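**Student:** In terms of UniProt numbering, the sequence shown has 401 at position 401, counting the first letter as 1, and numbering is strictly consecutive.
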Amino acid sequence: MAQRAGQKRKVIEVPRPESSDDEGEFDGEELNGAFDESDSAEDDSEDEFDSEADIEDEEDEDAELDSDEIPSSEDEEDVRDQIRNLKSRGANATPEKLMGTDTGRDIQNLSVSPDQRMKRLELQDRTKTSNYRIEQDANGNERYVYHEIDPAYDTDDSDAPVTSNTIGNIPLSYYDAYPHIGYDINGKKIARPAKGQALDSLLESIDLPEGWTGLTDPSTGKPLELSPDELETLKKLTRNEQPGDGYDPYPDYVEWFTGKGMEEVMPLSAAPEPKRRFIPSMHEHKRVMKMVKAIKEGRIKPFRTPDEEEREREEQELEYASYDVWANEAPRPDHPMNVPAPKLPPPGYEESYHPPAEYLPDKQEREEWENTDPEERKRDFLPRDHSALRRVPGYDELLHERMNRCLDLYLAPRVRRSKLNIDPESLLPKLPDPSELKPFPTTCHKTFSGHDGQVRTVAVDPTGRYIASGGTDGTVRIWSIENTRQVRRIKLSQSEPVNVVAWRPGHSAFILGACCGETVYFIVPQLEDITEEVDNNARDMIDAGFGYEATNATKTVDGAPKPKAATWERPPQSLQDKGVLLTITFRSTPKTLVWHRRGEYFSTVCPNSNSTSTSVAIHTLSKHQTQHPFKRPKGLAQTVCFHPSRPLFFLATRQRIRIYDLQAQKLEKELQPGARWISDISLHPMGDNLLVSSYDKRLLWHDLDLGSTPYKTLRYHSKAIRSVKFHNSHPLFADASDDGTLQVLHGKVFGDSMENATVVPLKILRGHRIKKDIGVLAVDWHPVEAWLVSGGADGTFRRRRYRSPESNEVTSAFWPMAPIGSQLAALEQASGNERAQGYAEALQQITTSGDDISDNLVAYVQSITSDAVGVINSRPLLSAFVEHFRALSNEIKLEAGPQIVQILQPKVISFEQQDTEIKLILADAYEADDDFTNSAKTLQNITLESSQRSVSDDDKAKIWMRICRCYLEEDDATNATSYLNKIKQIFYNVTDQPTRLQFQLSQARISDSQRSFLDASVAYYALSNESVVDEEERLQALSAAITCAVLAPAGPQRGKQLAKIYKDERASEVPEFGILEKIFLDRLLSPDEVAAFAANLKEHQLAKTSDGSTVLDKAVLEHNLLAVSRIYANITFENLGKVLGVDADRAEVYASGMIQSNRLSGSIDQIAGVIHFNSKEPTNPKIDLRLWDQNVQGLAESVENLTTMLQREEPAWYDRQLAA
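Quick look at the structure:
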């Protein structure tokens, strides 16, 4: 039958030789066995696949051609018989009607015997091994049985579509050369479906099957079948209708992230899932391990069926169990941290109703118990006696006692503390006893006085016989170490201080180097015990350099003399006569001078040098050469030192210490002390340990063999550490601090590198007074003895040594006790009258003796305030001591007073009155020494609020006013204002008139220091009108009022104040009246008058403002500008600048500023450069001429009166002048 035009051909599948039913059943059993261990999802997909395959077989049997004509019943039955015969005959028979078509040829090729087909497959897959075996089925036909498939992967794709071909996305065109089109789920090949014109023509007359689409599935080659719902959807789409019921093509927009109730706070994230979601949970692992541990320990036991005996035992326990019928819940065990309530103590005899007589209180005890506060009573009841128990009344305090008992139990802390029985001493390092480390300095033996100002540097010569010192007075002094005698005094400068003195090491030459200003002086002192040989060696060493410099002068490439880094020359003859033989001049001030151990080289450091490359210099004394070894050093150099045995050079900057090898010229090591600002360094004589002091109150010990960080850090000082020094022969070192103390420590260094150094604190040495927050500045050791020399800001330096017990001396932990110490120790154990008399004699002995008065006074106060004497006996003794202490010199007071105050500090409550008197005496001594800062700090420590004594408001105001005045003397207006505010709070209760006047004066001085000159002038003028003030002081206050009024800014208030002072009759008696008159009358001030007035001004009154001018310059400019406005109607800025003594631009700036602040009336024409002044009153020509005439007439009358007076008083002189 011919095929119709446009009719589609349907592809049918040719049945394979093997039986589909047997094969499907066999494969199902095999797959079920192979996937028993796989997931349930895979089993479900497999069953679904098998069922689908069965359906496809049934559909193949009923397949019909795609044809529109309705076949007849005979034709239909004929076609069906042919298809049945085709299936029953298998692959051996080929339909005759299809033999001539393409489909027929394909079927014929496939319908061959199994042997022939296997041969073809073997030819195609020679390289592959067969995975099946051939068996006979029940009909005797061959059957292929495939081996079990063991998939090498686990799939999670349980929702993948069920399909018979599993080739995935591989195109079918890859299989065109093969008889199959893919593989099924069991790995079996899927044969290519049969197709051809004959079969299509045969099936054209058959009815179209249900769900026929005319499409072919590309993965299987079979017709594509769709469900009725899918077909209905396609029909609706072709009719442009909605594909499904209830589908809304235009739904309402839902604001998922910004709508109400759905606002997103955090941004959306597309971050990948964290790894923890794909690995086992650690928390679950911990819980499981806890359970495992509990099972191992037996805390969790698996369930076990109880046996007969256990069951009987439980029944017996339940039978005889007792229950609390009133309980509301089942009993619970106590908490593991439960603390049982402490039991009450058992009652004693005093609680008996019939106690013994000795337990009954008498009348006095009863009254004492009733008068005692209930909280301080030893017991809450009084024992009572009753003859019989039936006579005991009810106890009134029963409920109260039970309530307190409940409160104690309720508020008691439920904490169990396990106390460790550890001795605190065992936690501390084992250090040797300081008594075993003697000798070390313990007391001040000699005090050297003579410098005017601070003693900045001290040095002991190598022989140990002399001490050199330098101070801010510009002098170098040499002292005998034994008798404190000054043997030499050399004045090096009138204004510059001596910063460093250092002796040349060695005994062959006696040379002293001193740094003063920008010059280093080399001194060969002429002393009595210096031999001529030593003196000649020193002079020859200095003179040798001049000859070397003349013969070896360095030149540049051009032949010109090379510029020198430092100038070596001889000093003036006046200094040479005093022993100064050589000077070195730098471009900045050297602050460090360090000698090399051989005495041939020395180094200087200029921290304030303009160039960092020239801040450090190494000099050769015998050649007069100066070298700068560092081109670009890192950081600002502070100090240096040489290694005692190796060619190493230590350079300390502010925060680092660098060690350089001078021979190899390289950086050897860098130390990091961790200090903010290094002040000084000292190297141990063995060269392996370094001490570093810093301004941040730390002392650092560096072991050079351990590392770059400090081995130990010591923080024993309360202020900056200025200097530190190792002893050359003893295991000692000491430091000096601004807190006025020296710390002496034992530092033992072992030769074995495996053992660390031992550091033991030994002694705190006091004695130097603190002046302007500066204490001890320099420290040095005797080369042989354990003697320590220290220089302080109080203008003295002291030699300290160790005092042995054989010299009848007693030492204390903090203060040394004088030879009288043994006598004081004996008096502490004496009886009352003997003790009082003995202490009086000891005090008289101390104050009349001339040796070590300060140390003896400190020892005396420490003895009378000891616990052995008692507070009651100590008070009269301390009061007597105060009277003797008041009569001593200021030097002794300043030396012993701070130590006495420190002794009384822990017991100040018991000795408030005596402590206050001693502090007042010490403050007087400080003020006499012009040390107002320490005076104020001493007065601040006076106790004014105490329960032991009452302090009136007048006394408080006196002390606060004194503190305020001390701070004003130091120009510290901030602290002065704070104490002045304290006085304001009680000022209305102050009745002392001098205190009130001092309050007014302090207010004026504070306003003056804060440059509130107008307020200060008003306060000074009010003080000058006080009648109780002395006349001379009133004039001083008036003079200060005039000065402040002149310095005040121009304005109406200043004008009123000037008028008030000018009208005062006393104003003409003060020197400032001349400038006051000119300012009041609006007259111009000349530069000479301004200079004379500025000569008497204070420092803060001459301070410069932000524009570079002083307050006086500004006040004079403003006044002269006002005076010009009174004279001229207009003036150019150029001429105005000439009148004011400034340039035109500055004159314009001042004029515009005064006009803007309404202190000057006028306008500025910037184009013409002219300022126009506005007159305050309208002018009238007639009135102006009349005033002119009156003024001229008055002037003529004055001249006539003067000539008449001269003619009457001096007629001869008048006649000579008239004749001339």
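Cβ coordinates follow ideal geometry from the N, Cα and C atoms, glycine included. These figures come from a predicted structure and were not determined experimentally.
(1) Starting from Cys406, trace the beta strand (DSSP E) both ways and give me its first and last residue.
(2) Which full runs of the alpha helix (DSSP H) of 4+ residues lie inside the segment 1011-1090, going along the chain?
(3) At a threshold of 7 Å, does Leu651 count as lining the ligand NAD (C-beta to nearest heavy atom)?
(4) Where does Asn689 sit, in a helix, a strand or coil, going by DSSP?
(5) Can the beta-carbon of Pro525 be found closer than 8 Å to that of Arg488?
(6) Near Thr592, which residues of its chain fall below 7 Å by C-beta distance, leaving aside the five closest residues on each side in sequence?
(7) Per DSSP, which one or two residues make a beta bridge with Gln627?
(8) When the Cα atoms are used, what is the spatial distance from Ser849 to Ile892?
(9) In this structure, does DSSP put Ser1198 in helix, strand or coil?
(10) To the nearest angstrom, report how far apart Asn421 and Lys430 are at their CA atoms.
(11) When DSSP labels each residue in this structure, what does Phe1093 get in the three-state scheme?
(12) Considering only the beta carbon of each residue, do Gly1169 and Phe1133 sit closer than 8 Å?
(13) Since Gly513 is in the alpha helix (DSSP H), which residue starts that stretch and which ends it?
(14) Return the CA-CA distance between Asn728 and Asn537, expressed in angstroms with no decimal places.
(15) Which same chain residues end up closer than 8 Å to Ala786 when comparing Cβ atoms and leaving out the 5 residues on each side of it in sequence?
(16) To the nearest angstrom, how far is it from the Cα of Thr305 to the Cα of Glu297?
(17) Sorted by chain position, which residues of the same chain lie with C-beta nearer than 7 Å to Asp1143's C-beta, five sequence neighbours on each side aside?
(18) Between Ile1075 and Phe1093, is the Cβ-Cβ spacing less than 8 Å?
(19) Which same chain residues, not among the five before or five after Cys516, have their C-beta less than 6 Å away from its C-beta?
(20) Should Cys406 be labelled buried (16 or more other beta-carbon atoms within 10 Å of its own) or exposed?
(21) Using a Cβ-Cβ cut-off of 8 Å (strictly less than) and excluding sequence neighbours within five positions of Ala294, which residues of its own chain qualify?
(22) Can you tell me whether DSSP reads Ala778 as helix, strand or coil?
(23) Who are the near neighbours of Val990 in its chain, counting only those whose CB is closer than 7 Å to its CB and skipping five residues on each side?
(24) Tell me the rounded alpha-carbon separation between Trp479 and Gly792.
(25) Below 8 Å between beta carbons: does that hold for Trp1123 and Leu1084?
(26) Round the Cβ separation of Phe797 and Val789 to the nearest angstrom and send it over; I've been treating them as touching at under 8 Å.
(27) Report the three-state DSSP secondary structure of His335 (helix, strand or coil).
(28) Tell me whether Gln526 sits in a helix, a strand or coil according to DSSP, three-state version.
(29) Just curious, the beta strand (DSSP E) that Lys763 is in, first and last residue?
(30) CB-CB under 6 Å to Ala459, same chain, minus the five flanking residues each way: which ones, in chain order?
(31) Between which two residues does the beta strand (DSSP E) containing Phe448 stretch?
(32) Along the beta strand (DSSP E) that carries Gln136, what are the first and last residues, could you check?
(33) Who does Val580 pair with in a DSSP beta bridge?
(34) Could you tell me how far apart the beta carbons of Leu827 and Ala880 are, in whole angstroms, since I believe they sit closer than 8 Å?
(35) Compare the C-alpha of Val392 against each of Pro424, Tyr353, Asn941 and name the closest.
(36) Would you call Leu318 buried or exposed, if buried means 16 or more other Cβ atoms sit within 10 Å of its Cβ?
**Tutor:** From the atom records:
(1) It is not in any beta strand (DSSP E) - Cys406 instead sits in the alpha helix (DSSP H) that spans 398-411.
(2) For the segment 1011-1090, whole alpha helix (DSSP H) runs of length 4 or above, ordered along the chain, are 1013-1024, 1031-1047, 1052-1062, 1073-1080.
(3) For the ligand NAD, the structure offers nothing, since it holds no ligand at all.
(4) strand
(5) yes
(6) Val500, Thr604, Val605, Thr639, Val640
(7) Ile618
(8) 13 Å
(9) helix
(10) 19 Å
(11) helix
(12) yes
(13) From DSSP, Gly513 is part of no alpha helix (DSSP H) but of the beta strand (DSSP E) over 512-516.
(14) 25 Å
(15) Pro439, Phe440, Pro441, His727, His730, Leu732, Arg801, Tyr802
(16) If you draw a straight line from the Cα of Thr305 to the Cα of Glu297, it comes to about 21 Å.
(17) Gly1137
(18) yes
(19) Leu492, Ser493, Glu496, Val498
(20) By the 10 Å Cβ count, Cys406 comes out exposed.
(21) Cβ neighbours of Ala294 beyond the five flanking positions: Ile300.
(22) strand
(23) Asp953, Asp954, Ala957, Arg996
(24) 16 Å
(25) It should be pointed out that residue 1123 corresponds to Ala in this sequence rather than to Trp. Yes, the pair counts as a contact, with Cβ atoms nearer than the cut-off.
(26) At roughly 6 Å, the Cβ-Cβ gap stays under 8 Å, so Phe797 and Val789 are in contact.
(27) coil
(28) Three-state result, Gln526: coil.
(29) Segment 758-765, the beta strand (DSSP E) holding Lys763.
(30) Excluding sequence neighbours, Ala459 sits near Ala468, Val501, Ala502, Trp503, Asp780.
(31) Start and end: 443-449.
(32) 132-136
(33) Ile523
(34) About 14 Å separates the two Cβ atoms, so there is no contact after all.
(35) Tyr353
(36) Exposed, by the Cβ-count rule.
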